[in-house]
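K.L.:
2 protein chains.
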Amino acid sequence: MAETIDSQLQEYRDSIDNINAALIYLLSERFKVTKKVGALKAERNYPAADKAREAEQIARLRDLAEAANLDPDFTERILEFIIAEVIRDHEKIKSGG
Amino acid sequence: MAETIDSQLQEYRDSIDNINAALIYLLSERFKVTKKVGALKAERNYPAADKAREAEQIARLRDLAEAANLDPDFTERILEFIIAEVIRDHEKIKSGG
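Just so you know, the sequences run in chain order A and B.
In terms of this note's numbering, the first sequence opens at residue 101 and continues consecutively.
In terms of this note's numbering, the second sequence opens at residue 101 and continues consecutively.
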């Protein structure tokens with residue numbers, strides 16, 4: 101029984117590893133796009149953060165999270181975490197760093 | 101010129117919206133698997149957290165992050181954030197909640 105469960109656990113972990121890799125590559129694509137947004141904002145002298153756009157993204161993602169059966173609060177926190185990193189990136193681009 | 105840039109910004113934002121949705125659905129899949137792991141762990145009375153597995157995942161993801169040109173420290177923080185949520189989930193499953 102222990103072996104059945106452990107091979108089952110290993111199977112689940114293999115799936116988690118695959119999903120982790122997919123998340124990383126998707127996040128990398130997302131940062132590629134947000135870096136371009138950062139360059140555009142620096143060019144136009146727009147502020148690095150955009151509260152209206154951020155609120156719109158969060159509202160949309162909360163809806164999507166519910167559709168995907170994911171906790172909307174958790175989803176909002178993770179998006180805010182990513183956005184904070186993006187804003188740091190935009191500020192670096194703006195200051196030419 | 102302003103209009104060219106704004107339509108460009110809109111194009112980037114459309115891509116970000118698509119990637120956000122993909123991230124949500126992928127995270128939802130990940131939680132489906134980790135919930136199964138939680139049920140297995142509860143059945144076997146394994147602890148909710150597994151430091152060795154966590155360290156292994158983090159090391160692997162830091163390597164993947166470098167390959168994907170993503171900041172490994174940021175990637176580690178985001179994985180820890182997800183894992184913390186998973187552990188809360190596992191504890192809820194264990195306590196029958």
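Ideal Cβ placement from N, Cα and C applies to all residues, glycine included.
Residues of chain B with CB closer than 9 Å to the CB of asparagine 169/A, please, in chain order.
P.N.:
Neighbours of asparagine 169/A on chain B, chain order: Ser128, Phe131 and Lys132.
K.L.:
For a contact meaning CB atoms closer than 8 Å, what does asparagine 120/A contact in chain B?
P.N.:
Residues of chain B passing the Cβ test: Arg130, Gln157, Arg160, Leu161, Leu164 and Leu179.
K.L.:
For the alpha helix (DSSP H) containing aspartate 150/A, list its first residue and its last residue.
P.N.:
It is not in any alpha helix (DSSP H) - aspartate 150/A carries neither H nor E in the DSSP assignment.
K.L.:
One question on the structure: do alanine 155/B and histidine 190/B come within less than 9 Å of each other, judged by their Cβ atoms?
P.N.:
No; because the gap between Cβ atoms is not below 9 Å, this pair is not in contact.
K.L.:
Would you kindly report the start and end of the unbroken alpha helix (DSSP H) that includes alanine 184/A?
P.N.:
Segment 172 to 194, the alpha helix (DSSP H) holding alanine 184/A.
K.L.:
From the beta carbon of lysine 136/A, is the nearest beta carbon of chain B less than 9 Å away?
P.N.:
Taking Cβ atoms only, chain B reaches closer than 9 Å to lysine 136/A, which makes this a yes.
K.L.:
Leaving aside the five residues before and after lysine 194/B along the sequence, list all residues of the same chain whose C-beta is less than 8 Å from its C-beta, in chain order.
P.N.:
Hits under 8 Å: Gly138, Lys141, Ala142 and Ala148.
K.L.:
Determine, using beta carbons only, whether serine 198/B comes closer than 9 Å to chain A.
P.N.:
An answer regarding residue 198/B cannot be provided, because it is not within the stretch 101 to 197 covered by chain B.
K.L.:
Among Arg188/A, Ser107/A, Asp163/A and Ile119/A, which residue has its Cα nearest to the Cα of aspartate 117/B?
P.N.:
Selected option, being the one with the closest Cα: Asp163/A.
K.L.:
Just checking: is the beta-carbon of glutamate 176/A within a distance shorter than 9 Å of some beta-carbon in chain B?
P.N.:
No, no contact with chain B.
K.L.:
Could you work out which residue in Asp150/A, Ala168/A and Lys135/A is closest to lysine 132/B when comparing CA atoms only?
P.N.:
Cα-wise, what sits closest to lysine 132/B is Ala168/A.
K.L.:
How should glutamine 110/B be labelled, buried or exposed, when 16 other C-beta atoms within 10 angstroms of its C-beta is the threshold for buried?
P.N.:
Exposed, since its Cβ has fewer than 16 Cβ neighbours within 10 Å.
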